[in-house]
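Asks: Chains as they are written, first to last, in numbering that gives the first Met the number 0: chain A, 0 to 927; chain B, 0 to 165.
Dropping a structure here in structure tokens format, bear with me for questions.
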Amino acid sequence: MTVKEASTGGLEQPETPSALVIGGGVAGMQAALDIANQGYHVYLVEKSPSIGGHMAMLDKTFPTLDCSACILTPRLSEVAHHPNIDLLTYSEVKRVAGKVGKFHVEIVRRARYIDEDACSGCGECEKVCPVEVPSEFDEGLGFRKATYMPFPQATPHVYTIDKRGHAACRLACPTGVNTQAFIRLIQVGDFKRALDIVRDAMPFPGTLGRVCVHWCEGDCRRGNYDESVSIRNLHRFLADWEREKGETEEVTAEITKKDKVAIVGAGPAGIACAYHLARMGYPVTVFEKRSEPGGLMRYAIPEYRLPRDILREEIERVEKMGVEFVFNTEVESLDWLKEQGFKAIFISTGASESRKLGIPGEDAKGVYHAIDFLDAVARGEKVKIGKRVGVIGGGDAAIDSARVALRLGAEEVTLIYRRSQVELPAIPSEVEDARQEGVRFMMMTAPTKLITQKGELKGLQCIRMKLGKKDLSGRRRPVPIPDSEFTVALDTLIVAIGQKVPSLKLLEHVARTEWGTVVVDPLTLQTSVSGVFAGGDVVLGPSTAVKAVGHGKEAAISIDRYLRGEDLAEGRNGQLYRPAEPDVDEATFEPQKRHVMPKARIAERKRSFEEVELGFSEEEAIEEAGRCLGCTVCCECKLCVDACDRQAINHDMKDEEIELDVGAIVVATGYKIFDVSEYGRLGYGKYPNVINALEFERLINASGPTRGHLIRPSDGKEPRNIAFIQCVGARDTQKGVPDCGRICCMYGIKNAVMAREHNPEAQVTVYYADIRAFGKGFEEFYQMAKTRFGINFVRGRVGEVWEAPDSHDLSLFVEQTERDQPMMVSHDLVVLSPGVVPSPDTARLAEELGIELGQDGFVAVKDEIAAPVDTGVPGIFVCGCASGPKDIPDSVTAGSAAAMHATLVLSQIASESGQPVEVVRHQKTTSA
Amino acid sequence: MTEKVHVPTSSFAEELAAIPGGEVVNKCIQCGICTASCAVARYTDEYRPRQLIQKILLGEREEVLKSRLPWLCMTCRLCEERCQEGVSPAEVFHAVRILAAREGYVPPEFRRVMDSLLNNGWLLADSYTDFEEEEREDMGLDPDLGWNDKFLKRIKDLLPIAEGEK
């Protein structure tokens, strides 16, 4: 038996024959212990973070009313410490090949993001984790953190981080802001750390918090249910909060490296690149042609959207980090920069030249081009604006120009766009604001001629358009409607039909496209010249600030790698991510509208350059953050990493595939309870006070969500009149479960007894069709429930359960068949006792193992009487509820039987190889 | 409950099982979910589907066939929907009614209804007046219902009804 060291994930290569046990419930544990105690090696694979199975969730066992945990816990510890058992939790069997004596098994060990060997289970990570989700172990009645240990005695005694892929919002963001993390931290009120997380990705929480196109919100999964989370406004809130509280930590420069980097152009791309390089410790110099930094954010976006203080302060932070800015300097050659000692160069000179209409009269008085117009206004220059203003275009620059024109005193502003409202590329909320301020929209209209008189603009001749076939951009191409020309009287016209890359001397040194943009490697942003990178509009053509900032960040990574002589592309080649889908139960999902950011009143704002959007208050921000569905559960805020003294947490951990060779396999995959919400008439999932038996177990369990206090879910009151309904999801031909659930009668009686134990005042009624008390001591227990515990048994299946909407009390209709008496009975808590069905993965696993399933979906055994633990495949055995409903003693018995049959196979291998088997018994633990 | 041992007094259940719809009657375990679900049982103390099935299982042939209770089932089939054993009391009682009709045990009120149907071709003949016609006219509907008894005649020809009743 050889096991490849490389693929076994560091597991020791056993010299003795070994077995695989699939499933770590009480049956699987028993099988593993019995095999291991005979001197053979066992791999015990369990899907969930801990072994223990359903038994760990139970309060008491029937018919002796022993404490379930007290019986189980010593066994958990025995398994964990047994020298012959390798415990593989959070793992799944993927593939099985081979035959008896020589099975080859592939197992996926899911990343728990915590090193099992290093974690001591101290729980410091749990304390700081801001994410709370319903606890599976408590059947959704309680909560757990994203880093969790399912129950106090969990084995192995380590934490697991529940992380499910990548959040859609974060994937959508060009700068990769960890949206989910900062939103979660806002929700718990840790604004400071939330802001740090935004700043990890980019330097402009306040600026982009105002002007970003927020693709994150477009992809936000909450949008599939009601409305997306107001993500942009939330990071703006963080920036506002910092300004107002003044709790800014002093930023200090930490330039630790020698290699100088030059950046040409102090727009969003350039500043972002400088920011990230400075964080890495590089000395950076930013050359800017103009007198102030910020690019189009400074010189085009109007003040009422982006107050200049905000932008200036955020750029000042970058300066304080040690970035040097050189203004009024146009860099014309790469060689000059190299002569100055710069080892790498980033070009981010933008695309700030307005496109021209290309029709006669464009140079007439009264005709402006959007960027020049906005630039002049931004510089504080006096710009003459007429009474009737036209704006041509539909992008953000067009909307900005229109609203600025209003603020400069124009009486009537008309936006002329050649497509329809649907195709309008500007940010929708900006369009709406413009409309409210009185900008008129003339859609499906294109200009054909400027009407001028003595060099002055008098009007515009337009033509109506209709939408034709789709063009390359995927939008329907507008085509003119013949003979639909008309004239609009105008004295000012602002042309906002896009920008282009200006022809600069510097750009002549790198390869460019036919449109004048710089050619770069899409992953690394390196130009045709080694060590020279480019990003932002100069590469993309006119685009968005956030894309430019994203380019700046990527370029910084490339430059760092370039300067350290590393491969630029490695590990960055376009991994395909599938966004994680949130765990939403649409039946119980409560829609909640997103918070609308308060805005200045229209009458006040439309003539003023004061900021229009006023920001969220703390309460609004916290509430809005609470709307996040937390798609990936763990948000990677990494607070746990700081909290862990043992450096056990590694958020970059990957799932690991290991391969094992085993001689025999024991299947102990257990069961799940029948989903009783299929019985609409019984109200489970609809009425809060109708619960299932497993939930009841957690409610009465001292380690459960209520610490063993039996209360009802709707109002936390102690129930006074409890009903137990039997045969739900068992003995029901109509639901495909015709067989008896075998355990429900007894656990139902046990639960009824425990209800009286917890609350002796309460009336307890069990509604049943038959009581099947077949085992040792069962009948006595049933009789004792009636006599000593005073439980009321009513023979009759319940027709329907109703709820009184205000009190959430319940009433049910049943025939007391022993008295021929149909009756309506009131209760304040109804507990359904479901039957059991195979665990969800049984079918897939059976297919992989080549074993058969019965019609009921449980594993079929070779012979119910003579071979109850043998499957049809030699060497593969089954025990516990995997082959059908069993109580705990029967599961344990089956576990031992399966172990015996597995060791028969293993001893054969041992005797054939002539290797003596040394019996290593683990000393029994005595703690309870 | 009395302690007497119940042995079916006739093969009534088997007889019903031979009629389509009556096959599953033997699967009944008397859990009472049919009565607990029955809309008719909710409003009358007389009608209890479970007890009726019990009588069938016990072989009380005469009592069941002569009773008017099997005729009270509205055939809403909620009992059938909920029965965990796959029994349909609605279908079973349908089989009972077929048997009862064959042997001439149709309760007088149901017989009256049938007579009215066979005589008039529909059930509302007695209550139909000119007002309905006016009302139809007001609603823009054709007041003439185009009624003819061609179809009724064909039914009568097909039905195994004693010559005198035709």
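Cβ atoms here follow ideal geometry from the backbone N, Cα and C, with glycine treated the same way.
Use the C-beta contact count for alanine 96 of chain A: other C-beta atoms within 10 angstroms, 16 or more gives buried, fewer gives exposed.
Replies: The residue in question, alanine 96 of chain A, is exposed, as its Cβ has fewer than 16 Cβ neighbours within 10 Å.
Asks: Of the residues that make up the stretch 35-63 of chain B, which ones have a beta carbon closer than 7 Å to any beta carbon in chain A?
Replies: Against chain A - using a Cβ distance shorter than 7 Å - the residues of the stretch 35-63 of chain B are Ala35, Ser36, Ala40, Arg47, Arg49, Gln50.
Asks: Run through DSSP, which three-state label would tyrosine 89 of chain A get?
Replies: Here tyrosine 89 of chain A sits in coil by DSSP.
Asks: Helix, strand or coil for serine 926 of chain A? Go by DSSP, reduced to three states.
Replies: At serine 926 of chain A, the pLDDT of 43 sits below 50, so the modelled position is not reliable and the matter cannot be decided from this model.
Asks: From phenylalanine 190 of chain A to leucine 336 of chain A, what does the alpha carbon distance come to, in whole angstroms?
Replies: Going by the C-alpha atoms only, they are around 41 Å apart.
Asks: Taking Cβ-Cβ distances shorter than 7 Å, what residues in chain A pair up with glutamate 84 of chain B?
Replies: Within 7 Å Cβ-Cβ: Thr732.
Asks: Using a Cβ distance threshold of 8 Å, determine whether the stretch 224-236 of chain A contacts the stretch 200-213 of chain A, with at least three qualifying pairs required.
Replies: Yes, the stretch 224-236 of chain A is in contact with the stretch 200-213 of chain A.
Asks: Look up alanine 356 of chain A in the DSSP assignment and say whether it is helix, strand or coil.
Replies: As written in the sequence, residue 356 of chain A is leucine, which differs from the alanine given in the question. Coil at leucine 356 of chain A, not helix or strand.
Asks: Using only CA atoms, which one of A:Gly856, A:Ala701, A:Arg697, A:Tyr781 lies nearest to aspartate 137 of chain A?
Replies: If we check each option's Cα against that of aspartate 137 of chain A, A:Arg697 comes out closest.
Asks: Is the Cβ of isoleucine 28 of chain B closer than 8 Å to any Cβ of chain A?
Replies: Interface residue, yes.
Asks: Assign asparagine 82 of chain B to one of three DSSP states: helix, strand, or coil.
Replies: In the sequence as presented, asparagine is not what sits at residue 82 of chain B; that position holds cysteine. Correct three-state label for cysteine 82 of chain B: coil.
Asks: Spell out the partners DSSP gives histidine 757 of chain A in its beta bridges.
Replies: BP columns for histidine 757 of chain A are empty, so no partner.
Asks: Which residue comes first and which comes last in the beta strand (DSSP E) that contains cysteine 880 of chain A?
Replies: Segment: none, cysteine 880 of chain A is in no beta strand (DSSP E) and carries neither H nor E.
Asks: According to the Cβ coordinates, are proline 151 of chain A and arginine 316 of chain A closer than 8 Å?
Replies: No, the pair does not count as a contact, with Cβ atoms beyond the cut-off.
Asks: Taking the C-alpha atoms as reference points, what is the distance between glycine 707 of chain A and valine 830 of chain A?
Replies: Their backbone Cα atoms lie some 16 Å apart in a straight line.
Asks: Whole angstroms are fine: how far does the CA of valine 727 of chain A sit from the CA of glutamine 815 of chain A?
Replies: One C-alpha to the other measures close to 18 Å.
Asks: Buried or exposed for histidine 275 of chain A, going by 16 or more other Cβ atoms inside 10 Å?
Replies: Buried, because 16 or more other Cβ atoms sit within 10 Å of the Cβ of histidine 275 of chain A.
Asks: Run the CB neighbour count on tryptophan 240 of chain A, radius 10 Å, all protein chains shown included, and call it buried at 16 or more, exposed below.
Replies: Tryptophan 240 of chain A is buried by the Cβ-count criterion.
Asks: Does the beta-carbon distance from alanine 273 of chain A to valine 285 of chain A come in below 8 Å?
Replies: Result yes, Cβ atoms of alanine 273 of chain A and valine 285 of chain A sit closer than 8 Å.
Asks: Just the C-alpha distance for histidine 81 of chain A and proline 173 of chain A, rounded to the nearest angstrom, thanks.
Replies: Histidine 81 of chain A and proline 173 of chain A: Cα-Cα distance of roughly 50 Å.
Asks: So, helix, strand or coil for lysine 653 of chain A, using DSSP?
Replies: Coil, per DSSP.
Asks: Pull the bridge partners of serine 998 of chain A from the DSSP assignment, please.
Replies: Residue 998 of chain A lies beyond the stretch modelled for chain A, which goes from 0 to 927, so this question has no answer here.
Asks: Against alanine 768 of chain A, what residues of chain B qualify as contacts under a CB-to-CB distance less than 7 Å, listed in chain order?
Replies: In chain order: Ile28, Cys30.
Asks: Going by DSSP in three states, tyrosine 274 of chain A sits in which element: helix, strand or coil?
Replies: Of the three classes helix, strand and coil, the one that applies to tyrosine 274 of chain A here is helix, per DSSP.
Asks: Which one or two residues does DSSP pair with aspartate 731 of chain A in a beta bridge?
Replies: A:Val736.
Asks: Report the residue from A:Leu32, A:Phe773, A:His53 whose alpha carbon sits nearest the alpha carbon of asparagine 83 of chain A.
Replies: When only C-alpha atoms are compared, the closest one is A:Leu32.
Asks: Report buried or exposed for glycine 473 of chain A, applying the criterion of at least 16 other Cβ atoms within 10 angstroms of its Cβ.
Replies: Glycine 473 of chain A is exposed by the Cβ-count criterion.
Asks: Compare the C-beta of glycine 795 of chain A against all C-beta atoms of chain B and say whether one is closer than 8 Å.
Replies: It does; some Cβ of chain B falls within 8 Å.
Asks: What's the gap between the Cα of leucine 407 of chain A and the Cα of isoleucine 384 of chain A?
Replies: Looking at the two C-alpha atoms, the distance is approximately 7 Å.
Asks: Let me know the alpha helix (DSSP H) ranges lying completely inside the stretch 2-84 of chain B, each 4 residues or longer, listed in chain order.
Replies: Runs of the alpha helix (DSSP H) inside the stretch 2-84 of chain B: 11-16, 32-36, 38-42, 48-57, 60-65, 77-81.
Asks: Check the Cβ-Cβ distances between arginine 110 of chain B and every residue of chain A, and say whether any is below 8 Å.
Replies: Taking Cβ atoms only, chain A never reaches closer than 8 Å to arginine 110 of chain B, which makes this a no.
Asks: Using DSSP bridges, identify the partner residues of glutamine 498 of chain A.
Replies: According to DSSP, glutamine 498 of chain A bridges with A:Ser353.
Asks: So that I know if they touch, is there some Cβ in chain C lying closer than 8 Å to that of threonine 63 of chain A?
Replies: The structure shown contains no chain C; its protein chains are A and B.
Asks: Residues in its own chain within less than 6 Å of methionine 441 of chain A by CB, not counting five upstream and five downstream?
Replies: For methionine 441 of chain A, where only same-chain residues beyond five positions count, the Cβ hits under 6 Å are Thr413, Ile415.
Asks: I need the boundaries of the beta strand (DSSP E) containing cysteine 461 of chain A, first residue and last residue.
Replies: Where cysteine 461 of chain A is concerned, the enclosing beta strand (DSSP E) stretches over 455-469.
Asks: Please list the terminal residues of the continuous beta strand (DSSP E) segment that includes lysine 861 of chain A.
Replies: Note, lysine 861 of chain A: premise wrong, no beta strand (DSSP E); not H, not E.
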